[in-house]
Amino acid sequence: MKYTEEHEWLEEADGIVTVGITAHAAEQLGDIVFVELPEAGTTVSKDDEVVVIESVKAASDILAPLDGEIVEVNDAISDDPGKVNEDPEGDAWFFKLRIEDVSVLDDLMDEAAYKAFIG
Amino acid sequence: MGELQRTVLYDLHKEYGAKMVPFAGWDMPVQFASGVMKEHLHTRAEAGLFDVSHMAQVILRGDDAARALEALVPVDVIGLKPGRQRYAMFTTPEGGLLDDLMIANKGDHLFLVLNAARRDVDLAHLHANLSGLEVEEITGRALVALQGPKAEAVLAALNPAVRDMRFMDVADLELAGATCWVSRSGYTGEDGFEISVPNTMAPRLARALLDDPRVQPIGLGARDSLRLEAGLCLYGSDIDETTTPAEADLGWAIQKVRRPGGAREGGFPGADRILAELTDGTERRRVGLAPDGRAPMRAGTQLFADEDGAEPIGSITSGAFGPSIERPMSMGYVPAGMAKPGTRLFGDVRGKRLPVSVAELPFHPHTYKR
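Protein sequences, first through last, are from chains A and B. 1 is the number of the first residue of the first sequence in full-length UniProt numbering; add one for each residue after it. 1 is the number of the first residue of the second sequence in full-length UniProt numbering; add one for each residue after it.
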């Protein structure tokens, strides 16, 4: 598992990266009540706003962690946003991204670095 | 920015895993370990304990205190019987709202509870206009609210006399060894009690209540979603100096005796405009708003009559997800002609015009013990 400073986790298999938010992020956001996912098939650039989530407190944007094409989104979390609080690093992934060059993942934090990052 | 004030229950909040935030100059719990959604639902199912010690408590004493106070509020204070409490508002000469408050008749004095954010303004207003009365701010007491369907049973375990109180009754009662000023009222739409307790005794009373398995501590986050589901105004968001009682749909709080033809008609700041509007209506009205989708429409969201309308016709003043109604809910101001429940409008959410309908308030029914 790799991590961004935007509190996303990324798990790569065969050039497809599954993206979600970390348990730390879900905890900080509080109860999530709304998730708006992109359309599958959308081509995105790094830092594009691709997902809107709203918690009981406020709205936040989730940014594309890398360049790529969104190949699948997790409709289960827009139907039941509370799943993001229950299992943020498992069933409640957000989208799957096909990327050209998996070596860009090497620049991201590993678990130890992320733990240090969130203190 | 001065130092944030702490209530006497600060340590207890930390013990229960509170996340603290600054609110009106106070360091207050926004949520506890279980989170806003669970706290909200627990309050509606059992009982929630709220620390509202940041609110200002004031005693007014003097000859004819009720008559004197009527010069500042459009409500019937003289007719308020001993042992009863009433919702009121301070009005401005322009007909706006300086604050909303509770007034209790305690027999030999009046007891007021004011919004924390308006404490300074209100106290200055009282001192400037009620020079014949003694205005005493009570700083030696905390204020807690116990709300929810189990509130009566929980409190009755400490003093069965609470069962004899009905909605908006006030009484001095012994609770956990402390002489408390209790009212059967609250800000959640649920049955419940608000309890003024001496600072020194407050932690002990709070612990006695929290020791009951039916009671959980509740933060400001759930307090806000509970009051919004109950259709209750938040001063500074839904009402302020630019909104009048009729615009805010608070005409119900102005009794007949202070209205045109009443024995004590008018005689409060802004009476001309406020009373005329009760008869003639207003250009805009506060309404409930129910978004079609799941996306909450929050305060500041602009409202449009059409999907492609150029000019906003109103805006949202409060908006959140309603845990009990399981959908988003908002309140806001719209032109009187568009205030009918069911009227279709559009809210601008992140550049998209999303459908929203005017809805009846409250979103969740009140369960007061009248």
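Glycine residues also receive a C-beta, built at the ideal position from the N, C-alpha and C atoms. Note that the coordinates shown come from a computational prediction; the quantities given were computed from them, not determined experimentally.
heavy atom of the ligand SAH below 6 Å from residue i C-beta
i	result
G95(B)	Only the bare structure without any ligand can be found here, which leaves the ligand SAH out of the picture.
Bounding residues of the alpha helix (DSSP H) (the contiguous stretch that carries residue i)
i	result
F117(A)	E111 to I118
K38(B)	V36 to A45
T139(B)	Run containing T139(B): none; DSSP gives neither H nor E here.
G221(B)	L220 to E229
K14(B)	Y10 to E15
K83(A)	K83 to E86
E152(B)	A151 to A156
L361(B)	Premise fails: L361(B) is in no alpha helix (DSSP H) and is neither H nor E.
Status (buried if at least 16 other CB within 10 Å, exposed otherwise) for residue i
i	result
E100(A)	exposed
K256(B)	exposed
L27(A)	The question names Leu, yet the displayed sequence has Glu at residue 27(A). The residue in question, E27(A), is exposed, as its Cβ has fewer than 16 Cβ neighbours within 10 Å.
I53(A)	buried
T200(B)	exposed
G132(B)	exposed
D79(A)	exposed
S196(B)	buried
K83(A)	buried
G35(B)	buried
K340(B)	exposed
R141(B)	buried
W252(B)	exposed
D169(B)	buried
T7(B)	buried
G119(A)	exposed
A58(A)	exposed
A222(B)	buried
D31(A)	buried
P365(B)	exposed
R184(B)	buried
S45(A)	exposed
R119(B)	buried
P213(B)	exposed
E247(B)	buried
Residue range of the beta strand (DSSP E) that includes residue i
i	result
A208(B)	No beta strand (DSSP E) holds A208(B); the alpha helix (DSSP H) holding it covers A202 to L210.
G62(B)	Taken as a continuous stretch (DSSP letters only), G62(B) belongs to no beta strand (DSSP E), as it is neither H nor E.
V52(B)	Careful: V52(B) lies outside any beta strand (DSSP E) and carries neither H nor E.
Y333(B)	R327 to P335
A271(B)	Unbroken run through A271(B) is the alpha helix (DSSP H), A271 to D280; no beta strand (DSSP E).
Q302(B)	Q302 to F304
L175(B)	V170 to L175
L97(B)	L97 to N105
L72(B)	Unbroken run through L72(B): none, as it is neither H nor E.
Q5(B)	From DSSP, Q5(B) is part of no beta strand (DSSP E); its letter is neither H nor E.
A320(B)	G314 to G322
Beta-carbon proximity list for residue i, same chain, < 6 Å, skipping 5 on both sides
i	result
A145(B)	F50, V52, G186 and E194
Q147(B)	T43, G48, G186, T188, E190 and G192
D292(B)	P355
Y333(B)	R284, R286 and G314
V58(B)	L112 and E137
L126(B)	V135
A33(B)	G17
E39(B)	I218 and A222
Own chain residues within Cβ distance below 7 Å of residue i, not counting five before or after
i	result
L275(B)	R259, P260 and G266
P362(B)	G189, E229, A230 and G231
H54(B)	T7, F23, A24, W26, M28 and A116
P296(B)	G319, A320, F321 and P328
Cβ-based neighbour list, residue i, same chain, cut-off 8 Å, excluding 5 preceding and 5 following
i	result
Y3(A)	W9, L10, T22, L108, M109, D110, E111, A113, Y114 and F117
G79(B)	Q255 and V257
R204(B)	A176, G177 and A178
T343(B)	V334, S357 and V358
G241(B)	The amino acid at residue 241(B) is misidentified as Gly; the sequence shows Glu. So the list reads T92, E94, G96, L97 and L98, once near-sequence residues are dropped.
V51(A)	V35, E36, L37, P38, D61, I62, F94 and F95
* To do: Mind the definition here: the segment 61–71 of chain B touches the segment 218–237 of chain B only if three or more C-beta pairs lie below 8 Å; say whether that holds.
  => Verdict: no, contact absent.
* What residues from the segment 1–25 of chain B come within 9 Å of chain A, judged by C-beta to C-beta, listed N to C? -> Listed in chain order, the positions of the segment 1–25 of chain B with a beta carbon within less than 9 Å of a beta carbon of chain A are K19.
* Taking a Cβ distance cut-off of 8 Å, strictly less, list which residues of the segment 21–41 of chain A are near chain B, in chain order. => Correct list: G30, D31, V33, F34 and E36.
* Asked: Does the pairing of the segment 298–311 of chain B with the segment 14–21 of chain A give three or more beta-carbon distances under 8 Å?
  -> No: the two stretches stay apart, fewer than three of their Cβ pairs being nearer than 8 Å.
* Asked: In the segment 206–240 of chain B, which residues sit with their C-beta less than 8 Å from some C-beta in chain A, listed in chain order?
  -> When CB distances to chain A are screened at a threshold of 8 Å, the residues of the segment 206–240 of chain B falling below it are G221 and S225, in chain order.
* Asked: Does the pairing of the segment 109–119 of chain A with the segment 61–76 of chain A give three or more beta-carbon distances under 8 Å?
  -> Result no; under three Cβ-Cβ pairs closer than 8 Å.
* Could you tell me whether the segment 85–102 of chain B touches the segment 219–232 of chain B, using the rule of 3 or more Cβ pairs below 8 Å? => No, the segment 85–102 of chain B is not in contact with the segment 219–232 of chain B.
* the segment 42–49 of chain B contacting the segment 89–102 of chain B, beta-carbon criterion three pairs below 8 Å -> The segment 42–49 of chain B, when compared against the segment 89–102 of chain B, does not touch it at the 8 Å Cβ threshold.
* Is there contact here, the segment 295–302 of chain B with the segment 322–333 of chain B, by at least three beta-carbon pairs under 8 Å? -> Contact annotation: the segment 295–302 of chain B touches the segment 322–333 of chain B, with at least three C-beta pairs closer than 8 Å.
* **Proximal residues, the segment 26–43 of chain B versus chain A, C-beta separation under 9 Å** => So the close ones are V30, Q31, G35, V36, M37, K38 and H40.
* Contact residues within the segment 277–302 of chain B, judged by C-beta distance below 9 Å to chain A -> The segment 277–302 of chain B vs chain A, Cβ under 9 Å: G293, R294, A295, P296 and R298.
* Does the count of Cβ pairs from the segment 31–38 of chain A and the segment 1–20 of chain B closer than 8 Å reach three? -> No, because fewer than three Cβ pairs between the segment 31–38 of chain A and the segment 1–20 of chain B fall closer than 8 Å, the two stretches do not touch.
* Asked: the segment 347–366 of chain B: which residues have C-beta closer than 8 Å to a C-beta of chain A, in chain order?
  -> Listed by position, the residues of the segment 347–366 of chain B near chain A (Cβ gap below 8 Å) are R350.
* To do: Pair every Cβ in the segment 68–85 of chain B with every Cβ in the segment 99–114 of chain B, then say whether three or more of these pairs are closer than 8 Å.
  => Under the Cβ criterion (8 Å, minimum of three pairs), the segment 68–85 of chain B counts as touching the segment 99–114 of chain B.
* Anything in the segment 45–57 of chain A with a Cβ closer than 8 Å to a Cβ of chain B? List those residues in chain order, please. => Hits within the stretch, in order: V52, E54, V56 and K57.
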